[in-house]
Structure formats: C-alpha cells, structure tokens
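Per my numbering, residue 1 is the first one in the sequence shown, and the count goes up by one each step. Heads up, the beta-carbon is just placed ideally off N, CA and C, and yes, glycines get one too. See structure below.
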Amino acid sequence: MNWSKGKLGVRSLKAKDKVLIKKWLTDPKILEFYEGRDKPYSLDMVNADFYDHNPEIDRSIVIYKDSPIGYIQIYPINEQTSALTEYMSKGNVWYGSVHRRGRLLE
Numbered sequence: 001m002n003w004s005k006g007k008l009g010v011r012s013l014k015a016k017d018k019v020l021i022k023k024w025l026t027d028p029k030i031l032e033f034y035e036g037r038d039k040p041y042s043l044d045m046v047n048a049d050f051y052d053h054n055p056e057i058d059r060s061i062v063i064y065k066d067s068p069i070g071y072i073q074i075y076p077i078n079e080q081t082s083a084l085t086e087y088m089s090k091g092n093v094w095y096g097s098v099h100r101r102g103r104l105l106e
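This is the structure in structure tokens:
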C-alpha cells in the first residue's frame with residue numbers, strides 16, 4: 001500500500017525496515033503495549049513475524065513528516081485469518097488489522 005496526504009503517508013514494508021522494526025520491538029516503552037517488556041524481538045523473530053511473504057497481508061510503514069513512526073498490516077477477514085467471520089456478509093469484503101497475538105487494534 002502506498003498512500004500520502006500532507007505530512008502523513010503509508011508505504012509498503014521493505015527489506016531495509018527489518019532493522020527499524022527490530023529497534024521498535026526491543027524498546028521497553030513499545031513492548032509494554034505489544035508483546036510485553038520481557039519479550040524483545042531478535043532479527044530472526046522480525047523475519048518470521050513480518051516477512052513471511054503471505055500475499056493476503058498488506059504490511060506497511062506509517063510515515064509522518066518523512067520519518068517512519070509505525071507499522072500497520074491489513075488483511076481480508078476470512079475463516080483462515082480471523083474469528084470475526086460473523087461480520088462478513090455475501091458480496092462484501094471485510095478487512096482487519098491485528099498484531100502478532102491476534103487481538104484487534106481499535
């Protein structure tokens with residue numbers, strides 16, 4: 001996904017972002033809200049969780065004023081990706097965004 005409006009933008013995840021994601025996921029302030037402060041990520045964990053090449057998941061970096069400030073992933077809700085299938089209706093496609101543990105971000 002590539003999108004921008006003013007100072008805010010979203011661009012597709014790139015191989016060079018592995019180091020950035022690892023930096024974020026070793027920061028105790030970020031881990032407090034993600035996996036827990038006692039679970040810092042290694043580069044192998046970043047590769048496994050963010051670079052599995054699943055074509056249904058659109059992984060992106062959020063940019064503000066030309067600086068990366070966050071990560072987002074979007075995927076279609078279906079029986080394989082979510083327990084939220086009760087929200088699906090025929091003829092419509094629904095999308096969700098979750099972090100590694102599968103909890104919805106609101």
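- Taking 9 Å as the cut-off, the Cβ atoms of Asp58 and Ile74 count as close.
- Considering only Lys22, Arg37, Tyr95 and Gly9, the residue with the shortest C-alpha distance to Phe50 is Lys22.
- From the listed residues Lys18, Gly6 and Lys7, the smallest Cα separation to Ser60 is found for Lys18.
- For Leu25, the secondary structure class from DSSP, reduced to helix, strand or coil, is coil.
- Within the same chain, Lys18, Ile21, Lys22 and Leu25 come within 8 Å of Val46 by CB-CB distance, once the 5 residues on both sides are set aside.
- Closest in C-alpha terms to Leu8, from the list Tyr71, Lys65 and Ile77, comes Lys65.
- In the DSSP assignment, Asp58 falls within the unbroken beta strand (DSSP E) covering Asp58 to Tyr64.
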